[in-house]
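Asks: To start, I am sharing the structure in question, which I have written as C-alpha cells.
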Amino acid sequence: MLRRRLNRLFGGDERRVESRTINVGHRSGSPNEAIIPPKFCDNRIVSSKYTVWNFLPKNLFEQFRRIANFYFLIIFLVQVIVDTPTSPVTSGLPLFFVITVTAIKQGYEDWLRHKADNEVNKYPVTVLEDGRRIRKESEKIKVGDVVEVEEDETFPCDLILLQSSRDDDTCFVTTASLDGESNHKTHYTVPDTERNLESLNATIECEEPQPDLYKFVGRMHIYTNNQEPAVRSLGPENLLLKGATLKNTQKIYGVAVYSGMETKMALNYQGKSQKRSAVEKSINAFLLVYLCILVSKALVCTTLKYVWQSKPGQDEPWYNEKTQKEKDTNLYLKMFTDFLSFMVLFNFIIPVSMYVTVEMQKFLGSFFITWDKDFFDPEIKEGALVNTSDLNEELGQVEYVFTDKTGTLTQNNMEFIECCIDGFQYKYQDARSELDGFCVTDGPVNKLQQKAGREREELFLRALCLCHTVQVKESPEQAQDQVDGLTDQVDDLEVDGEVPYPSQEQRSFIASSPDEVALVKGAMRYGFTFLGLESKSMKILNRNNGVEMYELLHVLNFDPVRRRMSVIVRSKSGDTLLFCKGADSSIFPRVRQEEVERIRMHVERNATEGYRTLCVAYKCLSAEEYAQADEGLREARLALQNREEKLMAVYNQVETGMSLIGATAVEDRLQEEAAETMEALQGAGMKVWVLTGDKMETAKSTCYACRLFQRNTELLELTVRTLEDGGRRREERLHDLLNEYHKKAVQDAPPAKAGVTSWSSANQDYGFIIDGATLSMVLNSSSESNSSRYKNLFLQICQNCTAVLCCRMAPLQKAQIVKMVKNSKGSPITLSIGDGANDVSMILEAHVGIGIKGKEGRQAVRNSDYAIPKLKHLKKLLLAHGHLYYVRIAHLVQYFFYKNLCFILPQFLYQFFCGYSQQPLYDAAYLTMYNICFTSMPILAYSLLEQHICIEVLLDNATLYREIAKNATLRWRPFLYWTLLGVFHGLLFFFGVRYLFSNPALQDNGQVFGNWSYGTIVFTVLVFTVTLKLALDTRHWTWINHFVIWGSLAFYVFFSFFWGGIIWPFLSQQRLYFVFANMLSSVSAWLVIILLILLSLLPEILLVVFRKPRGPNARQKELVQSSVGGHQSPRSSARPLLMRTFSDESNTVI
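Residue numbering for the sequence shown follows this note's numbering, beginning at 15 and increasing consecutively.
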C-alpha cells in the first residue's frame, strides 16, 4: 500500500490502472511468500443517511438550508431576543410544526432504509473455511472468502465464479434488481480451476472497484506443484454481481472480490439530480415580491413612527414617561429594533405552512396515479409507479415529448417475417408476390426456386442457428417461472406437411434480446432447430433429422458501437467458420461489394415496411487465420489495461473479407393505441421527437404508422446520404442544406397566431429527419462559430416542424438533444419516455422522465420519475392527471398568498390608528392557528380533489391542455389579480369594522367594545370570507370538501368559545376572556360580520351568476355538442377522481 502511494506521489504509477490482489481462500499463492492480509472494506451495506447520534444535528442542518425555514428561524430568534409585540410562540410553533413533520417523515424513511440494510447484512450465507462449510452473517464476509450460493439465492457480494454444479461449467443468473433485466444471463467458471477448492492455490489481480455493471478486467494466477503459474483472463462473464440471483443451477462456489460498499451494486446507488418544477420557481418569485412588500411595510411604519413621535408631546406623553435606560438607548439602534419588531408583526404575510401543504398535496396527490385502475395492465399485473411526487404539476406543462421507438412506440415483441438469401425472398406463408422484377413463390425452403442453391440456404439457416447467445430450457415447469423474461414457447411444428419436425416437448428459449429468439424460431420454421449448447458444443437438428455438432470456439459479443456479433465454430469435418450478423451499415463495408447490391434492395424495402433488418455473413478461416485470431483474442482478454480497445481491434481484424449470405426481416408491432396517443399529444400542442438507434427507413415507417408524419408532410432530411448527394465536402453541403431548410420551414412560413403553434394551421406540414453522424457534425463543428450557428438553425427548423425523427442515435446523443432543447430560448418543459437502459440518459436529462415497464428490463423504470405499463397510458397521465395537478397546485399557491395578504393588511392598517406602537390586532392564538388549523384543510382538500373539468372531457378534447400551457395560471397577471383581491378584502374588513365602531355603544348594557373585540370581529370576517371564497371556487364537490370547509368554520367558532371561556393557568394575561361570546351577543356585530362577508364575496357571486357556466357538466355539454360523435352522459363523465379510483360501480357525482 505504501509503495503504491509513493509511486503515485512521484509519478511512477501515472499510467497504471489501479488494481488489487486477492488470495483465494486467504491461502498464499506461492509457498515461499508470507501473506500480508490487505485491508478491504467489510461486507456491510449502508444505504441510510442518519444514525441515532447524528439524526438531530444533520436533519436540522439540512432543513435550515431551505431559505423559508431559515427565514422563520431568524424571525423566531428576533422575537426571543428583541422586545417584539408578538410572542415567539406565534412564529416558533408553526416553524416547529413544519420541522417536526418533515423530520418525522425523513426519520421514518431512513428507518425503513436501516431495516432493509439489516435484512441484507444479517442474511445467513455459507463460507468454506479450512474445508468446512460455516454459516455466518453476510456482513462478516471478507474479500478472499470462498462462498457457496444455492439456486434462487442472491449473491451476497461480487464473486468470481470458481465452480458450478452444471456439467458445462456455466451458471445462469438474473440481474433484475441491478439493471431490471429479467432475462437469464450465462456466466462461466474460470478455466482449469481444481475441482477440490480446498487445495486451490491462486491469486486474483483485478481492477479497483468501479460502478460499470458490464465492465470487469482481471486475471487469475493458478499455482500447482512449484510449476510456473497458469494465467487465466477474467471478464464480466466470470463475475457474479451482488444483488443478482442464481437460476437453473443447483449450487456454485465463488471467491469474493468486492464487498460491502465497494460492490458494483452499492457504487450504483447514487442520487439522481434534484429536479425542480416550474411551480416551485414561481413560488420563489412570488415569495420575493411578498418579501419586498413585507420590508416596505416595516420601513413605512418605522419611518412614520419617528415622524409622528417628532411632534411635541407625542414621543413622551405625561402618562407614559420613558425610563432612564430608554432615554440612553442609541436612536439608530432603537430604529433598527423597531424595524425588526414591525418585520415580526407583519411576517405572517410569508406563509411557512404553504410549504407543508404543497408537500402534502404532492405526496398524497401521487397516490391518485398509482390507484388509477386505467393504468393497470393485466398482462404484467402492474399499474403505474410514482418515483418522484415533486413533479406532478409538471405533467401539465409539457411542451416537448422525446420518445424511444423500440419497446416504446413498438411492442418489442419480435416475430420472424421473412428472409432473403442471395437476393431471393423467402417467406413462410404460401403467397405469390412480385418483387424486384421477378416472381417467387414464398413457402418452405424445399419448395423454392433453384436460383438460390440448397447449400446457400442451409448455410444461411445454420448461421441463424449458431450465431447467437440463446439458451434452451427443456423443463416446461421451470419455463413457467419466467414471468417477464425474454422466453418464447415453441410447440410442435410442421412445415407445409413435407418437412415435419421431430416430436419434442415444449421448448423454451432464453435470450438477452427478443430479436435472437425470433431468428432461432425463424430457422425452426424452415427445418433447422437449435437443440442447445453442451460443454462448448452447439447442437443443430437439420431438416433431414440429422444432428450436427459444432464446437464453439469464440463468441465476439454484440456491442452498440460495432452493431454486430460473431461466433467462431468448428465443424466435425474440421472446418473453422466465422458467422456474423448485424446492422446493414455495419456488415456491408466488411463483405464483397458485388454481393451487396443483391441484398440491399431487400433490406431497404423491408426497412420501408417497418421491419427490423439484420444482415448475415460468413467466412471460412484457414488454420493460420484462426491461430492468429485465437492468440489475439486470448492476449486481449488477459490485458488489464485497455482490454476493450484491444478486443475491438482483434474483432475488426477478424470480421473482414466476409461473404454476405442474406438478410432477415423481423416485425416489431406498434404498441396498442400508439397512433391515437401520438395524435392526442400533438393535439394538446406538444412537439413529439422520436429518438432511436434504428435505421432511418424503419423509423420513418413507424412515424407514418403512428401518424406523426402524415402523407402530406414534406420531409426535410439531413442525413449522411443527403450530405453526400451534392458531391461536395460534407461541411459545405451541411451549411447549404441547413440554410435551405431554414428558409423553407422558418423564413417562408406564415407567422403563427397567438396561442396556436405553427403546425396546427392549414399550411404545409414539415417533418425533420436527422441521423447520429450528421447530428455530431451539427453539435461538434470544426469551427466554434459554425457549431453555434448550426445548432441555432437546427433548433429553429425543428421547432417549426410537426415531428422530428432522430435515427442511428447513441444513448449520449439522445441526452444531448434533450439538453439542447431544454436549454433553448424560453426553457420549454421536456418529457422523455423510454423502456430500455439506452434511454436512461435522456430520461434523467429531461424535466420529466417516464419509464415503460417493457421487455428491455427495468433500468428505465428505476431511473424515471414516473413509470407506466404501456405507451397509451401517457395520454391520460398528461391530459388528465397532469392538467388537474397543475390547476390544483396553481390555485393552492395563489390562494395561500391571497389569504395571508387578507390576514396581514388589517394589521398594517391598524398601526395608523395606534400610534405605530406595534400593537397586534389579533390574539397570539389566532396568529398561530390561522394557517395551521383554521384555513389549511379546505385548500388541501381542494388541491387534491378539484376537477374543474371532468376527466373524460379532458381526454376527449386534447386542446384543453393548451389553456394551461407555459405556466398560464401562475403568471404575473393572475398573481396581480389575486394580490389586488387580497388588498380589496383586507381594506373592506378593516374599514368595515371601523365603521361599525364609530357607533360608541354596541352592547345592550351600553358598554363599548375594546381593541381585542375589534380584532376578533375582523378575524371572524376574514376566516369566513377566505373559506367561503374557496367554496365558491370549488367546481367539484365531494363529502370530503363539505366536511373540511364547514368543519373548519365550526372548529373556529368552537375554538374561540373554548379559548375565551376558560381561565388558562399557563397564560400570564388572557386577552380574549369571554370576548368572543360578548361579541356574538351584539346584534350589530352579527350584522356587520354578515354584511362584510357578503360584500367581500359579492363580485365573485356576480361573476358566477352572469358569466357562462364553467362547471364540469356545462363544459362537457358545450364540448360534446360541438364535437362530432355520440352523445355522452354528463353524469357518467363527471364522476369524481376518488369515485373512479375506488369504485367503478358508482356513477354518481357527489
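The beta carbon of each residue, even a glycine, is placed where N, CA and C say it ideally should be.
(1) List the DSSP bridge partners of D159.
(2) Please tell me whether R619 and D598 are closer than 9 Å, where the distance is taken between their beta carbons.
(3) Assuming E153 and R233 are in contact, meaning their beta carbons sit under 8 Å apart, how far apart are those beta carbons, in whole angstroms?
(4) State yes or no: is the C-beta of A1099 within less than 9 Å of the C-beta of S1027?
(5) So the beta strand (DSSP E) R34 belongs to, where does it begin and stop?
(6) Flag this pair as yes or no: are the beta carbons of C433 and S580 separated by less than 9 Å?
(7) Relative to the C-alpha of R557, which residue among S855, L1010 and M538 is closest?
(8) Considering only the beta carbon of each residue, do F782 and C812 sit closer than 9 Å?
(9) Give me the Cα-Cα distance between F544 and E530, rounded to the nearest whole angstrom.
(10) Check each candidate in R576, V997, H895 and G1029 and name the one with the smallest Cα separation from D386.
(11) Just curious, the beta strand (DSSP E) that L974 is in, first and last residue?
(12) Does the Cβ of P1113 have 16 or more other Cβ atoms within 10 Å, making it buried, or fewer, making it exposed?
(13) Helix, strand or coil for Q485 per DSSP?
(14) Say whether the segment 991–1011 touches the segment 919–927, bearing in mind that this needs 3 or more beta-carbon pairs closer than 8 Å, one atom from each stretch.
(15) In terms of residues, what are the limits of the alpha helix (DSSP H) holding V1040?
(16) Go through the segment 890–978 residue by residue and report every complete run of the alpha helix (DSSP H) that reaches 4 residues or more, in order.
(17) Please report the Cβ distance between Q827 and G786, rounded to the nearest whole angstrom; I am assuming they are in contact, meaning their Cβ atoms lie under 8 Å.
(18) At the level of alpha carbons, what is the spacing between S1110 and E294?
(19) Considering only C-alpha positions, which residue in the set D779, D589, G268 and T263 is nearest to E208?
(20) What does the Cβ neighbour count give for R79, buried or exposed, with the cut at 16 atoms within 10 Å?
(21) To test your reading of the DSSP string, which unbroken alpha helix (DSSP H) runs of 4 or more residues are found completely within the segment 168–246?
(22) Rounded C-beta distance between D879 and I864? I'm assuming under 8 Å.
(23) Taking the alpha helix (DSSP H) that I297 falls in, what are its first and last residues?
(24) Where does the unbroken beta strand (DSSP E) through F1120 begin, and where does it stop?
(25) Ignore the nearest five residues each way along the sequence and tell me which others in T670's own chain have a CB closer than 8 Å to its CB.
(26) Count the other CB atoms, across all protein chains shown, that sit within 10 Å of the CB of Y414; report buried if there are 16 or more and exposed otherwise.
(27) Could you check where the alpha helix (DSSP H) with T114 kicks off and where it finishes?
(28) When burial is assigned at 16 or more other CB atoms within 10 Å of the CB, is Y64 buried or exposed?
(29) So, helix, strand or coil for T816, using DSSP?
(30) Using the three-state DSSP reduction, which class does H568 fall into: helix, strand or coil?
(31) Figure out for me which residue from D762, L748, A525 and C815 has the closest Cα to the Cα of S790.
(32) Measuring straight from C-alpha to C-alpha, what distance separates A679 and G257?
(33) Going straight from the alpha carbon of A688 to that of F382, what length do you get?
(34) Do I89 and M357 have their C-beta atoms within less than 9 Å of each other?
(35) Who are the near neighbours of I155 in its chain, counting only those whose CB is closer than 7 Å to its CB and skipping five residues on each side?
(36) In whole angstroms, what is the alpha-carbon distance linking A719 and K53?
Replies: Based on what the coordinates show:
(1) Bridge pairing for D159: absent [DSSP].
(2) No, these two residues do not count as a Cβ contact at 9 Å.
(3) That belief does not hold up - the Cβ atoms of E153 and R233 are roughly 29 Å apart, past 8 Å.
(4) At a Cβ-Cβ threshold of 9 Å, A1099 and S1027 count as neighbours.
(5) It spans S33 to N37 - the beta strand (DSSP E) in which R34 sits, taken as one unbroken run.
(6) Judged by their CB atoms, C433 and S580 are not nearer to each other than the 9 Å cut-off.
(7) For R557, the nearest C-alpha among the options comes from M538.
(8) Taking 9 Å as the cut-off, the beta carbon of F782 is found closer than this to the beta carbon of C812.
(9) Taking the straight line from one Cα to the other gives about 12 Å.
(10) When only C-alpha atoms are compared, the closest one is H895.
(11) If you look at L974, you'll find it isn't in any beta strand (DSSP E); DSSP assigns it neither H nor E.
(12) Around the Cβ of P1113, a 10 Å sphere holds fewer than 16 other Cβ atoms; the residue is exposed.
(13) Q485 falls in the strand class under three-state DSSP.
(14) Put simply, the segment 991–1011 touches the segment 919–927. At least three CB pairs are less than 8 Å apart.
(15) Going by DSSP, V1040 is part of the alpha helix (DSSP H) stretching over N1025 to D1047.
(16) Qualifying alpha helix (DSSP H) stretches, in chain order: 897–924, 938–943, 950–959 and 965–970.
(17) So it is a contact: roughly 6 Å between Cβ atoms.
(18) S1110 and E294 have their C-alpha atoms roughly 30 Å apart.
(19) The shortest Cα separation from E208 among D779, D589, G268 and T263 belongs to G268.
(20) Burial check for R79: the Cβ neighbour count within 10 Å stays below 16, so the residue is exposed.
(21) At a cut-off of 4 residues, the continuous stretches assigned as alpha helix (DSSP H) that sit fully inside the segment 168–246 are 190–193.
(22) Between I864 and D879 the Cβ distance is about 7 Å, and since that is below 8 Å, they are a contact.
(23) Going by DSSP, I297 is part of the alpha helix (DSSP H) stretching over A292 to Q323.
(24) Here F1120 belongs to no beta strand (DSSP E); instead the alpha helix (DSSP H) covers V1097 to F1120.
(25) In its chain, beyond the 5 residues on either side, R604 have a beta carbon closer than 8 Å to the beta carbon of T670.
(26) That one is buried.
(27) Unbroken alpha helix (DSSP H) run through T114: V103 to N135.
(28) Result: buried.
(29) DSSP places T816 in the coil class of the three-state scheme, outside both helix and strand.
(30) In the displayed model, H568 falls within a strand according to three-state DSSP.
(31) Check the Cα spacing between S790 and each of D762, L748, A525 and C815: the tightest is with L748.
(32) Taking the Cα positions, A679 is about 37 Å away from G257.
(33) Rounded to whole angstroms, A688 to F382 spans 24 Å at the Cα level.
(34) Contact flag set, yes.
(35) Listed in chain order, the non-local C-beta contacts of I155 below 7 Å within the same chain comprise N57, V139, V141, V161, P170, C171, A270 and S273, local neighbours out to five positions each way being set aside.
(36) Each residue's alpha carbon lies about 60 Å from the other.
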